[in-house]
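Number of protein chains: 2
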Amino acid sequence: MSASKKLVELFYDVVSPYSWIGFEILCRYRNVWNIDVRLRPGFLGGVMQGAENKPPGFVPRKFEYMKKDLHRLGCYFNIPLAQPQNPAEVMFVKGTLQAMRFVTATNILQPELTEVLSRELWMRIWSRDEDITEPASFQAVATAIGLSKDQAIKLIEFSKSQEVKDSLKSTTQEALDNGAFGFPFIIAHVNSKKEVFFGSDRMELLAHCLGEKWLGPLTSNSKSKI
Amino acid sequence: MSASKKLVELFYDVVSPYSWIGFEILCRYRNVWNIDVRLRPGFLGGVMQGAENKPPGFVPRKFEYMKKDLHRLGCYFNIPLAQPQNPAEVMFVKGTLQAMRFVTATNILQPELTEVLSRELWMRIWSRDEDITEPASFQAVATAIGLSKDQAIKLIEFSKSQEVKDSLKSTTQEALDNGAFGFPFIIAHVNSKKEVFFGSDRMELLAHCLGEKWLGPLTSNSKSKI
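Protein chains in written order, with the UniProt record's numbering: chain X, 1 to 226; chain C, 1 to 226.
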């Protein structure tokens, strides 16, 4: 029945905790809705620049609220989100350009690993407050997802190539061309039309648009206190 | 059983279409959840200034997306939202200071009318693209909600008083004091704690926080195409 499955593309960057929420929700609902989820690793910095948008955290009260909001969403959706000690450094000083090139390289050479790799990167910065910019960090990530040292070296080398740089740029541009001004950004292909959704909080509308049903977090842990 | 009802305060301004969505959802769920909804008409301009925040529509792509998003939400929640011809003029040139003073005056003298009055004002600007700044418009609104000409004149006069101006300021300040950076802004009083929510898209989390269940739009019309 694969032919009748609707394609849902998720543009994301591991710098973005809301992207993580959108990613986990779609990974869960892929088994419930009649959809194919296509992971599209992009570069959020490029989207923000292209859209002349600013991160919401630049407004101090919004930043304070986001901490609470992310904590609640993490509990509700059973995603082990935890604020890094210094989110501004993680997001704006260190950034994720190398990390997203690493994801892109993996997505080209071993696309079956894109999901676990992305999750491991999110676990590092948005759960355990670990680095994702140093070569040793990429090695650690590769090991964590079961790659051999040789495979890891090959992917890390490939992630520095022009092909990978161009591929990441092109995915980022594709998001912009479809109206993105931030991540997560979803393109659902419904009746030969593209329906775009911004954020991780339009899943009930996405379900409706796909002719499916929103069933909440799909996890028993969402009963925990938020 | 009224004593055990949890208080949910909704801070809103009729300038904000997302506030309208939050308002209608809470007005519906008030009959389903064990809550008391307290309507808190405020002035969004004052909140944005106090929070040093900018309306999302200032980023052109976000503005384009919001039009689509509001259309979808309107259909899904069965709220007759329609973009005015010139939203920037409605929101930023004409504004809603007088209108929100009118709502505040009503909320002081005839609080049982606050809900229908607010809805009628939203219907005017966010559904039928009608003025809500001229004296004739306030008269028309008053008539639409069943007030006599005398009652209308009394409310319109009272809305110009210092008492009303101060009351609107104080409600706006209360939202700011609780961390608001935009509307709708919700304060749920749960176990002697204030839980705050921004936006109309955290209702499932609000339900969870209240120990209630999110049941979707509670309207049969949400089957329509979005």
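Every residue, glycine too, gets a C-beta built ideally from N, C-alpha and C.
(request) Say whether chain C places a C-beta atom closer than 7 Å to the C-beta of residue 208 of chain X. (result) yes
(message) Rounded to the nearest angstrom, what separates residue 225 of chain X and residue 78 of chain X at their Cα positions?
(response) At residue 225 of chain X, the pLDDT of 45 sits below 50, so the modelled position is not reliable; the number obtained from the coordinates is stated separately. One C-alpha to the other measures close to 11 Å.
(message) On the DSSP letters alone, give me the boundaries of the beta strand (DSSP E) that residue 25 of chain X sits inside.
(response) From DSSP, residue 25 of chain X is part of no beta strand (DSSP E) but of the alpha helix (DSSP H) over 17-29.
(request) Note down the Cα distance separating residue 118 of chain X from residue 76 of chain X, rounded to an integer number of angstroms. (result) 21 Å
(request) Answer yes or no: does any C-beta atom of chain X fall closer than 7 Å to that of residue 183 of chain C? (result) So no, residue 183 of chain C is outside the interface.
(request) Check the Cβ of residue 201 of chain X against every Cβ in chain C and list those closer than 7 Å, keeping chain order. (result) 201
(request) Taking only the alpha-carbon atoms, compute the straight-line gap between residue 23 of chain C and residue 164 of chain C and give it to the nearest angstrom. (result) 22 Å
(message) So the candidates are X:219, X:21 and X:40; which of them puts its Cα closest to the Cα of residue 11 of chain X?
(response) X:40
(message) Residues of the segment 56-68 of chain X in Cβ contact with chain C at a cutoff of 7 Å, in chain order, please.
(response) Going along the segment 56-68 of chain X in chain order, one finds 59, 61, 62, 64 and 65 with a Cβ nearer than 7 Å to chain C.
(request) Output yes if chain X places a C-beta closer than 7 Å to the C-beta of residue 82 of chain C; else output no. (result) Output row for residue 82 of chain C: interface = no.
(message) Going by C-alpha to C-alpha distance, which of X:147, X:88, X:109 and X:82 sits closest to residue 124 of chain X?
(response) X:82
(request) Give me whichever residues DSSP pairs with residue 62 of chain X in a beta bridge. (result) None, per the DSSP bridge assignment.
(message) Between residue 53 of chain C and chain B, is the shortest Cβ-Cβ distance under 7 Å, so that the two count as touching?
(response) Given the protein chain composition of this structure (X and C), no chain B is represented.
(message) Counting only Cβ pairs nearer than 7 Å, list the residues of chain C close to residue 76 of chain X.
(response) Correct list: 205 and 208.
(message) Counting C-beta neighbours from all protein chains within 10 Å, is the total for residue 177 of chain X 16 or more, i.e. buried, or is it exposed?
(response) exposed
(request) Taking a Cβ distance cut-off of 7 Å, strictly less, list which residues of the segment 161-181 of chain X are near chain C, in chain order. (result) 179 and 181
(message) Count Cβ pairs between the segment 28-39 of chain C and the segment 206-219 of chain C that sit closer than 8 Å; are there 3 or more?
(response) yes
(request) Report the residue from X:156, X:134, X:91 and X:188 whose alpha carbon sits nearest the alpha carbon of residue 108 of chain X. (result) X:156
(request) Can you have a look at residue 135 of chain X and say buried or exposed, based on whether 16 or more other CB atoms are within 10 angstroms of its CB? (result) exposed
(request) With DSSP collapsed to three states, give me the class of residue 14 of chain X. (result) coil
(request) Kindly give me the distance between the Cβ atoms of residue 80 of chain C and residue 66 of chain C, rounded to whole angstroms, as I take these residues to be in contact under 8 Å. (result) 17 Å between Cβ atoms; not a contact.
(request) Please check the pair residue 184 of chain X and residue 199 of chain X, which I expect to be a contact at CB under 8 Å, by giving their CB distance rounded to whole angstroms. (result) 7 Å
(message) If you measure between the beta carbons of residue 187 of chain C and residue 194 of chain C, is that distance less than 7 Å?
(response) yes
(request) Return yes when the Cβ of residue 158 of chain C is within less than 7 Å of the Cβ of residue 61 of chain X, no when it is not. (result) no
(message) Let me confirm a value: residue 101 of chain X is counted as buried when at least 16 other C-beta atoms fall within 10 Å, else exposed. Which label applies?
(response) buried
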